[in-house]
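Novice:
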Amino acid sequence: MGQTYDAIVIGSGISGGWAAKELCEKGLSTLVLERGRNVEHVKDYTTAFMNPWDFEHGLRVTEKDKAENPIQSQVFGYNEGNKQFFVNDKEHPYVQGHGAFNWVRGYQVGGRSLTWGRLCYRWSDLDFEANAKEGIGVDWPIRYKDIAPWYDYVEKFVGISGQPEGLPQLPDGVFLPPMEMNFLEKHFKEQIKKHFPERCVTIGRSANLSRGWNGRGPCQFRNLCSRGCPFGGYFSSNSATLPVALATGNLTLRPFSIVAEVLYDKDKKRATGVRIIDAMTHESIEFYAKVIFLNASTIGSTSILLQSKSAEFPDGLGNTNGLMGRFLMDHHERVGAEGVYHGFMDEYYSGRRPNTVYIPRFRNIDAATARTDYSRGFGYTGSAMRESWNEQSAVLPGFGPGFKNQLTSPGPWTIQINAWGETLPYAENKVSLSADKKDRWGLPLAEIDFSFQSNEQHMRKDAKHCAAEMLSAAGFADVSEFDYQAPGGASIHEMGGMRMGRDPKTSLLNGNNQLHGVKNLFVTDGSCMTSSACQNPSLTYMALTARACDYAVSELKKGNLG
Amino acid sequence: MHRRTAVKRLSLLAGGVLLSLGGIKYYQLHKVPDLSLLDKYRALLGDLSDTIIPASDSPGAKEAGVGDFVIKMVRDCTDRKSQNNFIGGLKDLAGYAQNKYGKSYGQCTVEERTEILSHFEKKAKSFSRLLGKVESKVEGDPFFVTLKNYVVLGYCTSKPGATQALRYDFIPGKYIGVVALTPGQRAWATE
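Sequence lines, in order, name chains Y and D.
For the first sequence, my numbering puts the final residue at 562, and the numbers step up evenly by one.
For the second sequence, my numbering puts the final residue at 753, and the numbers step up evenly by one.
(1) Here's a check: name, in chain order, each residue in its chain whose Cβ is nearer than 6 Å to the Cβ of T708 of chain D, leaving out the five neighbours to either side.
(2) Using only the alpha-carbon positions, how far apart do Q163 of chain Y and S532 of chain Y sit?
(3) Which residues mark the beginning and the end of the alpha helix (DSSP H) in which W389 of chain Y is found?
(4) Residues of the stretch 591-625 of chain D in Cβ contact with chain Y at a cutoff of 7 Å, in chain order, please.
(5) The stretch 639-660 of chain D: which residues have C-beta closer than 8 Å to a C-beta of chain Y, in chain order?
(6) Can you tell me whether S284 of chain Y is buried or exposed, with buried defined as 16 or more other CB within 10 angstroms of its CB?
(7) Since I believe R205 of chain Y is in contact with I160 of chain Y (beta carbons under 8 Å), could you give me their beta-carbon distance rounded to a whole number of angstroms?
(8) Under 8 Å between C-beta atoms, does M179 of chain Y make it to chain D?
(9) For the putative contact between V274 of chain Y and I448 of chain Y, defined by C-beta atoms under 8 Å, what is the C-beta separation to the nearest angstrom?
(10) Verify the CB distance criterion: does A686 of chain D have a CB-CB separation below 8 Å to chain Y?
(11) According to DSSP, is R637 of chain D helix, strand or coil?
(12) Does DSSP put P149 of chain Y in a helix, in a strand, or in coil?
(13) Check the Cβ of T408 of chain Y against every Cβ in chain D and list those closer than 7 Å, keeping chain order.
(14) Grab the span of the alpha helix (DSSP H) containing Q416 of chain Y for me, first residue to last.
(15) Can you pull the chain Y residues whose beta carbon is under 9 Å from the beta carbon of F732 of chain D, in chain order?
(16) Kindly indicate the opening and closing residues of the alpha helix (DSSP H) around Y712 of chain D.
(17) Could you pull the start and end residues of the alpha helix (DSSP H) that S563 of chain Y belongs to?
(18) If you measure from the beta carbon of D462 of chain Y to each beta carbon in chain D, is any gap under 8 Å?
(19) Nearest-angstrom Cα distance between Y663 of chain D and C670 of chain D?
(20) Out of Y:R118, Y:Q108, Y:F86, Y:G106, which has the shortest C-alpha to C-alpha gap to C219 of chain Y?
(21) Using 8 Å as the threshold, is the C-beta distance between W150 of chain Y and L176 of chain Y below it?
(22) Can you tell me whether DSSP reads S573 of chain D as helix, strand or coil?
(23) If you follow the alpha helix (DSSP H) that Y658 of chain D is part of, which residue opens it and which one closes it?
(24) Closer than 8 Å between beta carbons: that is the criterion. Which residues of the stretch 382-395 of chain Y meet it against chain D?
(25) Counting Cβ pairs, one atom from each stretch, are 3 or more of them under 8 Å apart for the stretch 363-375 of chain Y and the stretch 483-491 of chain Y?
(26) Less than 8 Å separating the beta-carbons of L224 of chain Y and A48 of chain Y?
(27) Would the beta-carbon of I359 of chain Y fall within 8 Å of that of R199 of chain Y?
(28) Tell me the residue span of the beta strand (DSSP E) that contains L251 of chain Y.
(29) Indicate the three-state DSSP secondary structure (helix, strand or coil) for S113 of chain Y in the structure shown.
(30) Would DSSP call V628 of chain D helix, strand or coil?
(31) Starting from the Cα of G627 of chain D, find the closest Cα among D:S611, D:K653, D:V636, D:R729 and give me that residue.
(32) Anyone know if the C-beta pair for W420 of chain Y and C534 of chain Y falls short of 8 Å?
(33) Comparing C-alpha positions only, which one of Y:P141, Y:A67, Y:A367, Y:R60 sits nearest to L508 of chain Y?
(34) Using the rule of at least 16 other Cβ atoms within 10 Å of the residue's Cβ for burial, across every protein chain shown, is I192 of chain Y buried or exposed?
(35) Any beta-carbon of chain Y closer than 8 Å to the one on Y667 of chain D?
(36) Can the beta-carbon of S15 of chain Y be found less than 8 Å from the beta-carbon of D525 of chain Y?
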């Protein structure tokens, strides 16, 4: 029967791509369901080779686009070159309940792995132990030692350029050669080392290939990643995991497949398959499998299980404790400082580095760095540059020959560092289903309640202060602090909703990402997160996915999932 | 777009200060602008763009087609209030040239053109000083600010601007963090 597979993977983004690769490589016939269109690597990167003058509006967003896409168009870097990889807000509405929440989505094969920021940082036991130590939320059911080999495993495939630093709070990984800092960043690094020995400025750890890797890349330093890279210079499902899955002969990829529910057999206590709605024909179709991986994104996966109602699970599949959808988190950012450096006017750089510098967390990591005003911590991304016409046009006075000459010359050196902070899990930050509003396929809209709270606000004050303090110590002038409060979701690091835990009464997933009580259903995207740490989360989703696939297949072989 | 520019731009969007505007002023800002008027000013916009970025050892903005670009941007990428300010500004400028020099802007000398545009730059500055950043969002951008922004954007993203006035490297292939600047070296066209 063409409708039955060994495994079904729901979603083809960064974690779904990994599930597809791992399950296919382990010999399982695997159906990957993607709700959006297909995006073929290289062929469908339609803007990748366009020059600035090939775009109608100088890459700016039109008023019409802003009106039609009030959420997606707010994304940093959303422009004429990459907007095809974001959903249309009008076509894909959701409900903002208490507090604003920007839900940024890419409904296509590859999902947001096409447009992600590509920064890859490991978590450490500082993160995995924090909830238990502080009595916040629930304890993670895993520790660093459980995930470390899987970080190794995914890093070896992804290809991550980075610099080992030997920091316990930010473990080193398997790195390709690091990218270079520019002159001012190097100066900044030295100054910080001198003035703040406990703080470290390192080059970003990025899934951009600093040399050819597994048949992909290397990165060409065009800094046009979000258009899709025809060189395979960065990791995406499209460039990396899905082609490997396809090559096994075990992959069936079905775009335009919106999962309406996961089917459940109450006697076996197992998920038996899924019911989809074909996005184009609106036809309802069922597919069956022995094991199901749910990788439809934090809010997408949570919504699917909330929609999967049965007599046994009237509040959603596996939602026996009423906690499904709760403890939604996102990082908070856009707080830091910027400054100008007077000097080094004979220094410049060449190429466009698609990467930042990074200042790993230095607060609340031991007794000496403990804070009384907030828990957890933040890291900074930052970069130094010589201002170009884009920055200078607004500040250079006048016009005419002198203006033109200045505008087209390298401007002053400037730096900006921007903190990314951990957000604590709060029960009232949640995903639920709208009681009355439905999408065009008749499925209930996701409703999101979200707000940051005092721990985040206290952390922001400190992050702003520390940023300015470092820039001043490093000799920058005109140092100015900034704190642009953005809604939840704006960092596009939303996670939680189906947190992992040790106790089925207080969590949804166990330490192997299995849904408590439905052992053949694995959830390995951002929704599984028990806390948010402050590191960019995708690498951890990838490692958890590979780990769960390994476990799932070994359990399947033992007959424990049937 | 570079992150820094984006954050700066974000700051303009922040803050919910709303000025209460008088009835006539409110109408002038919010009325549906007659965008077809822009086509009437196509030649003027070419000349104005060339005053802002004239030809030197590289082509000027007029040759780079920036006048047409400005029209497209005012039509498609500009809020209604700034559109009204822009069309009003063009009318004012054409009138100012006639009144002061008895001829059209296009017939004016370089010196006269410079004087005319300086007048409108000063007007924009006093407007901004008076209102500050957040309030200027409420009243839209002044004519000169919109004009200059789009001339710069249009020129620096045009082929002549990017490849001749600036340096454009389509596929750098590598990143070198420390490079000595050579005298007269142009800035990179893209970040």
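All C-beta atoms in this analysis are idealised placements derived from N, C-alpha and C, irrespective of residue type, glycine included.
All values reported here derive from a predicted model rather than from experimental measurement.
Specialist: In short, the structure shows the following:
(1) For this step, residue 708 of chain D is matched to residue 146 along the second sequence. Closer than 6 Å at the Cβ level, and outside the excluded window around T708 of chain D, lie S644, F648.
(2) Position 163 of the first sequence holds residue 163 of chain Y. Position 532 of the first sequence holds residue 532 of chain Y. The alpha-carbon atoms of Q163 of chain Y and S532 of chain Y are separated by roughly 24 Å.
(3) Counting from one through the first sequence, the residue named residue 389 of chain Y turns up at place 389. Under the DSSP assignment, W389 of chain Y falls in the alpha helix (DSSP H) whose first and last residues are 389-392.
(4) For the stretch 591-625 of chain D, the set of residues with a beta-carbon nearer than 7 Å to any beta-carbon of chain Y comprises T613, I614, I615, P616, S618, in chain order.
(5) Across the stretch 639-660 of chain D, CB contacts with chain Y closer than 8 Å involve C639, T640, D641, in sequence order along the chain.
(6) For the purposes of this step, residue 284 of chain Y is taken as the residue at position 284 of the first sequence. Taking a 10 Å sphere around the C-beta of S284 of chain Y, we find fewer than 16 other C-beta atoms and assign the residue as exposed.
(7) Position 160 of the first sequence, counting from 1, holds the residue named residue 160 of chain Y. Position 205 of the first sequence, counting from 1, holds the residue named residue 205 of chain Y. The Cβ separation is near 6 Å, so the contact holds.
(8) Indexing the first sequence from 1 puts residue 179 of chain Y at position 179. Closer than 8 Å: yes.
(9) For the purposes of this step, residue 274 of chain Y is identified with residue 274 of the first sequence, where counting begins at 1. For the purposes of this step, residue 448 of chain Y is identified with residue 448 of the first sequence, where counting begins at 1. So it is not a contact: roughly 23 Å between Cβ atoms.
(10) By one-based count along the second sequence, residue 686 of chain D stands at place 124. Chain Y, which has no Cβ nearer than 8 Å to the Cβ of A686 of chain D, makes this no.
(11) Walking along the second sequence from the start, residue 637 of chain D turns up at place 75. R637 of chain D carries a helical assignment under DSSP once its states are collapsed to helix, strand and coil.
(12) For the purposes of this step, residue 149 of chain Y is taken as the residue at position 149 of the first sequence. Looking at P149 of chain Y - three-state DSSP - the assignment turns out to be helix.
(13) In the first sequence, residue 408 of chain Y corresponds to position 408, counting from 1. Taking a Cβ-Cβ threshold of 7 Å, the residues of chain D close to T408 of chain Y are A727, L728, R748, A749, in chain order.
(14) Counted from its first residue, the first sequence places residue 416 of chain Y at position 416. Q416 of chain Y -> not in any alpha helix (DSSP H); beta strand (DSSP E) instead, spanning 413-421.
(15) Position 170 of the second sequence, counted from the start, is the residue given in the question as residue 732 of chain D. F732 of chain D reaches chain Y at F49, N51, R222, counting residues in chain order whose Cβ is nearer than 9 Å.
(16) The sequence position of residue 712 of chain D within the second sequence is 150, counting from 1. It spans 705-718 - the alpha helix (DSSP H) in which Y712 of chain D sits, taken as one unbroken run.
(17) Not covered by the structure: residue 563 of chain Y. The range shown for chain Y is 1 to 562.
(18) Translated into positions along the first sequence, residue 462 of chain Y becomes position 462. False, the Cβ-Cβ gap to chain D never drops below 8 Å.
(19) Here residue 663 of chain D is taken as the residue at index 101 of the second sequence, counted from 1. Here residue 670 of chain D is taken as the residue at index 108 of the second sequence, counted from 1. So the two alpha carbons sit approximately 8 Å from each other.
(20) Within the first sequence, numbered from 1, the residue matching residue 219 of chain Y stands at position 219. Among Y:R118, Y:Q108, Y:F86, Y:G106, the Cα nearest to that of C219 of chain Y is on Y:R118.
(21) Here residue 150 of chain Y refers to the residue found at position 150 of the first sequence. Here residue 176 of chain Y refers to the residue found at position 176 of the first sequence. Their beta carbons are not under 8 Å apart, which means W150 of chain Y does not touch L176 of chain Y by this criterion.
(22) The sequence position of residue 573 of chain D within the second sequence is 11, counting from 1. With a pLDDT of 42 at S573 of chain D, under the threshold of 50, the predicted position of this residue should be treated as unreliable, and no value is reported.
(23) Position 96 of the second sequence, counted from the first residue, corresponds to residue 658 of chain D. 642-663 is the extent of the alpha helix (DSSP H) around Y658 of chain D.
(24) For chain D, the residues of the stretch 382-395 of chain Y that bring a beta carbon within less than 8 Å of one of its beta carbons are S383, M385, R386, S388, W389, N390, E391, S393, A394, in chain order.
(25) As far as the Cβ criterion goes, the stretch 363-375 of chain Y does not touch the stretch 483-491 of chain Y, which means the pair count is below three.
(26) Taking the first sequence and counting its residues from 1, one reaches residue 224 of chain Y at position 224. Taking the first sequence and counting its residues from 1, one reaches residue 48 of chain Y at position 48. Yes, these two residues count as a Cβ contact at 8 Å.
(27) Position 359 of the first sequence, counting from 1, holds the residue named residue 359 of chain Y. Position 199 of the first sequence, counting from 1, holds the residue named residue 199 of chain Y. Result yes, Cβ atoms of I359 of chain Y and R199 of chain Y sit closer than 8 Å.
(28) Here residue 251 of chain Y refers to the residue found at position 251 of the first sequence. The continuous beta strand (DSSP E) containing L251 of chain Y extends over residues 251-254.
(29) The count along the first sequence starts at 1 and reaches residue 113 of chain Y at position 113. S113 of chain Y: helix per DSSP, three-state reduction.
(30) Translated into positions along the second sequence, residue 628 of chain D becomes position 66. Of the three classes helix, strand and coil, the one that applies to V628 of chain D here is helix, per DSSP.
(31) By one-based count along the second sequence, residue 627 of chain D stands at place 65. Of the listed residues, the one whose Cα sits closest to G627 of chain D is D:S611.
(32) Translated into positions along the first sequence, residue 420 of chain Y becomes position 420. Translated into positions along the first sequence, residue 534 of chain Y becomes position 534. Contact: yes.
(33) As a position in the first sequence, residue 508 of chain Y is number 508, starting the count at 1. The shortest CA-to-CA distance from L508 of chain Y to any of Y:P141, Y:A67, Y:A367, Y:R60 is the one to Y:P141.
(34) What you label residue 192 of chain Y is simply residue 192 of the first sequence in a count that begins at 1. With 16 or more other Cβ atoms within 10 Å, it is buried.
(35) Within the second sequence, numbered from 1, the residue matching residue 667 of chain D stands at position 105. Answer no: the Cβ-Cβ gap between Y667 of chain D and chain Y never drops below 8 Å.
(36) Position 15 of the first sequence, counting from 1, holds the residue named residue 15 of chain Y. Position 525 of the first sequence, counting from 1, holds the residue named residue 525 of chain Y. Between S15 of chain Y and D525 of chain Y, the C-beta spacing is below 8 Å.
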